[in-house]
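As given, the protein sequences belong to chains U and A, one line each in that order. Using the working numbering, read the first sequence as starting at 1 and increasing by one per residue. Using the working numbering, read the second sequence as starting at 1001 and increasing by one per residue. Beta carbons: idealized from backbone N, C-alpha and C, even for Gly. What follows is a short report on a single structure.
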Amino acid sequence: MDLTLSPTEEAFRDEVRGWLEENHPGEPPEDDQEAFEFSRRWQRKMYEAGWAGISWPKEYGGRGATLIEQAIFFEEMVRAKAPRVANILGLVMGGPVVITHGTEEQKKRYLEPILSGEEIWCQGFSEPDAGSDLASLKTRAVKRNGGWAVSGQKVWTTLAHEAKWCMLVARTDPDAPKHQGLTYFLMDMEQDGVEVKPLVQITGEAEFNEIFMEEAYIPDENIVGEVGSGWAVAITTLMNERAGLAFAAQAALQLGMRRAIDLAGSTSRNGGLASEDPVVRDRLAQLFIESEIFRVTNYRGLTKIMKNGVPGPEGSLGKWQWAEVNQHLMELAMEIRGPYGQFDDGSEYSLGGDWQYQFLRTRANSIEGGTTDILRNIVAERVLGLPKLR
Amino acid sequence: MNFDLTDEQQMLQAAAREFLAARLKSERIRELAESDDAFSEDLWREMSELNWPGLMVSETYGGQELGMVELVVLMEQLGYALVPGPIFSSMLAAIALEAAATDEQKERFLAPLATGEQRGTLALWDAGAGWTPDDVTLEPEPAGGGHLLRGEKLFVLDAATADFFIVGATDDRRFIVERDAEGVSIIPTPTIDTTRKQYAVKLDGVKVGEEAEFGGPGAMEPARVRAYTAVAAELAGIAQRTLEMAVQYAKERQQFNRPIGAYQAVSHRCAQMLLETEGARSAAYYAAWAVENEPQTAPLAASMAKAYASDAGTRVTGASLQVHGGIGFTWEHDLHLFLKRATADAVMFGDARWHREQVARMVIDGAPAEASRPSPEALAAAK
C-alpha cells in the first residue's frame, strides 16, 4: 500500500498545475451562448497544449495518461476552478467508443474534431419510455438506400442543441430479444429529420433537450460495431463515463465541503456561529468523513482497475455514495441558511453564494448517469450475487 | 499510488483467515464465551507461535516489527472470526509500551508480551468519571520516591488473564502494575459481549516506584491513534462477516416461492450493508497508511475511521439480523454474538459522536487550507 504520488506522478501534477495557472481563461460570460463559445475556445486551447484527450492513446492524438494521471488531472482541473470543456461527452464517451469499436475510417474522420471541440457530440440513449430499462427503447431504424431511416424520440440529451453528432442507439430488429436488436449509430444532427427542443430543469436552466427524429438519415458507414451489437457498444460508453467522471466528482465534492465549512463559520445561529452548534458540527464532520471515504474508495477502485484492466460493478457504489453525500451537503447548507436560503441567489436579501442553485441541482445527482435505485440493483446482483427479481 | 496489500500482507491475511476458521467454529466460540475468562491456553500458544502478540513490537524486544497496515489486516480477521480472549487487549498493552515506555520497562515487560509468555492490558477509565479516550482522572499520590495509586478502573479487558496492567493517570501518565501486587483486586463485570471479558480493577493504595512510571502530556497519543484504527478494522471484519451471512441467507431462504434476496426490500438492504462495510474498510486502511506514512494526518484519519466503523459495525450487524428474520433473534444463531461484539467495539475508545467531534475540531476549527489535509497548526489547535 502506497498512497503517495510517485516522483513521475508528482511531476505530472506540477505540470498540470503550472499549465492551468498560466492558461486559466477566467470566469465564463453570463450569457448561455457566449458561455458555450467560451468553453469551446477553452477546449481549443487545451487541445493545442495536448491536454484535451487526457485518457486517449497517443496514436489518436491523446495524452495516453495512466489512470492515476487522469485522476490527478481531473482533480487539478477542479482545484483550479477551470471551466468545463465544450465537448465533454465527445471526450469521455464518443472518442473512447470510436477508439474501441470504430473502423479505421471512423477513427480518421471523427477523433480529431472531438479533441479540438470543432464538432460537439451528444448522447441519444434515454427515451420517454426507456429510462433505467434502456434496452426497451423504441426508436426505430429501417434499412433504406445504403443507410437507415430513423424515427423516434430521445430525451435528457445534454448539448443536443450544439451538437454535430449524436451517439444514437436505435432498434434495428424489432423481432430479436430486446438486448440483441439494437445498433449504435453516429447520427448527423444537422438535417431536416432531426428537431431539438430544450427542456427546462428545476434550476431554470436548459442543460438538456428532447430530440425528435422523423425519417432522419444515417449512412451505413456511421454504424459503430455491428448491426445488432448496439447494447455492448453502449455499455462501453457508460463504463467510460463512470470511471472518467469519478475523480472530477470527487474533487468537486471536496471543494463543496470546504465551502460548506466556511459557510457554517460565517453564519449566525442561536446566538453564535453555525460552526459552533453541536448538531451542525456533527453533521458536517459526518459528511466530511463520507466525502473522504468516497475519495479513498475511488483510489481503491483505481488500483483494482489497474490490476484487472476493466472497471468493475463496484464503481456503482462510488456513484451512489457521491450522490448521497453531495445531496446531504447541500441540504445541510440550506438548513444553515435557515429562512434566508429561500431568497433567490442574487436577490438583495440573499446572503450570497449559489447554495439554492446547488441544492436544486444536486437533486439530479441520484438520477443522472444511473439512478441510485438501479445502482443498488447492480450492486445486489452483480457484486453480491443476489438473485434477480426479473 | 497503489492500494494493494503486499504479497506478505496478503499471506498474513490468508494465513489468519485459514487458521481462525479452523480453530474457531461456532461451538468453540460459545464454549469460550460461557467460560469465566474466555481464555484458551491452546489457542493462545498457537497464536503466540504465529507471533501475533508481538506483531508490532520492535525486533529489539523480540517482536516482528510489522506496521499498522499488518495490524489492520490481522484485526479485520480477528473481527471476522470473532476471536475470543486476550489477543487484542495484550496487543494494546504492547502498543502503549512501545509508544512511551523506557528501555528498562520494555526489556522487562514488552519482551515477554512479544513472545506471548506474558499478557498485559490497559486499565484507563475511572469509575464515576467519563469514558472518552481523553478522560482519565486518577491522581497518583506521591509517596516516598514513588506513588500510591487509589481508584477503580472500569472496562478493563481480560484482566483475569493479564499478568500486568497499564494503569492510566492524569497528564497522560501510565503506571505498570502487576496483577498480584498488593492492593489490587479484580471484579468481573459481565457485559453484552461475552466473548471478550471485562473487569473492574480496584487499586487500594497500590505502591508503585519510579521505575513503573512512563508517559507524560501527549505521550500516549500515538498509541491512542493506533487503538482507534485497530478497533475500526475489527468492526470492518465483523461487518464483512455479518454481510456475508445475510447474503447467504437471502439466497437460500424462500418465501412466496422465491429467494428473499430477489426482493428489493432485502437486496437493497444488503447493498447498503456492502456500502458501509467497504467504507469502514477504506477508512481503516487509510488510517493505517497515515499512521505509517503521514503522522500529521493520522489523528484525523483514525478518528474518521473509528467514527465511521462504529456506526457501520452496529448498523450492518443490525441489518443482518433483520434480513435473517426470527431466526436471527435466537440465541442458537451466531448473529447475536457478532452484533454484541460490534456494540461493545462501537463505544470502546470513544463512540462515533465523540470521534466526529474530534474531526470537527480538526477540520472546522482548524480551518486548514485543504479539506483533506489539516495543517500542523490545525492539529496542534485540536489538542
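In this structure, Val1208(A) lies away from Gly1168(A), with their beta-carbon atoms at least 7 Å apart.
With contacts defined by Cβ atoms closer than 7 Å, Ala1232(A) and Ala1290(A) do not form a contacting pair. Interface criterion not met: the Cβ of Leu1154(A) is under 7 Å from no Cβ in chain U. In this chain, Arg1253(A) is not harboured by any beta strand (DSSP E), its DSSP state being neither H nor E. Taking a contact as a CB-CB distance under 8 Å, the pair Lys1251(A) and Leu386(U) counts as one, their CB atoms being some 7 Å apart. Excluding residues up to 5 positions away in sequence, Met1068, Ile1095 and Val1291 lie with their Cβ nearer than 7 Å to the Cβ of Arg1226(A) in the same chain. Neighbours of Met330(U) in chain A, taken as residues whose beta carbon is under 8 Å from its own, are absent, since the nearest beta carbon is some 16 Å off.
Closest by C-alpha distance to Arg1045(A), out of Gly1085(A), Ala1101(A) and Gly1318(A), is Gly1085(A).
The three-state reading of DSSP puts Gln201(U) in coil, since its state is none of H, G, I, E or B.
Secondary structure note for Tyr1286(A): its alpha helix (DSSP H) is the uninterrupted segment Gln1264 to Asn1293.
Checking the DSSP bridge columns, you'll see Ser268(U) partnered with Leu273(U). Contact check between the segment 283–296 of chain U and the segment 108–121 of chain U: fewer than three CB pairs, one atom from each, fall below 8 Å, which does not count as touching. Within the model, the alpha-carbon separation for Ala1307(A) versus Arg1353(A) is close to 7 Å.
Judged by DSSP secondary structure, Val280(U) falls within the alpha helix (DSSP H) whose first and last residues are Pro278 to Asn308. Approximately 6 Å separates the beta-carbon atoms of Gln70(U) and Ile54(U); this is inside 8 Å, confirming the contact. Secondary-structure assignment with DSSP links Pro219(U) through a beta bridge to Gly147(U).
Secondary structure of Pro25(U) (DSSP, three-state): coil.
Within 7 Å of the CB of Tyr1286(A), the CB atoms of chain U belong to Val296, in sequence order along the chain.
Counting the other CB atoms within 10 Å of its CB gives His24(U) a total below 16, which places it among the exposed residues.
In the three-state DSSP reduction, Glu335(U) falls in the helix class (H, G or I).
Here DSSP, grouped into helix, strand and coil, assigns Gly353(U) to coil.
Listed by position along chain A, the residues whose Cβ is nearer than 8 Å to that of Thr267(U) form an empty set, because the closest Cβ is around 13 Å away. Counting the other CB atoms within 10 Å of its CB gives Pro7(U) a total below 16, which places it among the exposed residues. Contact annotation for Ser275(U) against chain A: Ile1364 and Asp1365 [CB-CB distance below 8 Å, chain order]. According to the DSSP assignment, Gly1313(A) belongs to the alpha helix (DSSP H) that extends over Ala1298 to His1324. Scanning Asp1126(A), Glu1107(A), Phe1039(A) and Ala1262(A) for the CA closest to the CA of Gly1062(A) turns up Glu1107(A). If only complete runs of 4 or more residues are kept, the segment 11–64 of chain U shows the alpha helix (DSSP H) at 32–48, in order along the chain. Note: Asn365(U) is not bridge-paired with any residue in the DSSP secondary-structure output. Between the beta-carbon of Trp148(U) and that of Ile218(U) there is about 5 Å, and that keeps the pair under the 8 Å contact cut.
Counting only residues of its own chain and dropping the five nearest sequence neighbours on each side, Gly95(U) has a CB closer than 7 Å to the CB of Gly53, Trp56, Leu111 and Ile114. In this structure the segment 210–230 of chain U does not lie against the segment 296–306 of chain U, because fewer than three pairs of beta carbons, one per stretch, are closer than 8 Å.
Interface flag for Ala285(U) against chain A is set, since a Cβ pair is found closer than 7 Å. Of all C-beta pairs linking the segment 190–207 of chain U to the segment 129–142 of chain U, fewer than three are shorter than 8 Å, placing the two stretches out of contact. Against chain A, the CB of Val85(U) has no partner CB under 7 Å away; the residue lies outside that interface.
For a Cβ distance threshold of 7 Å, residue set Ala1262 of chain A lies close to Lys388(U), ordered along the chain.
In the structure shown, the three-state DSSP call for Pro113(U) is helix.
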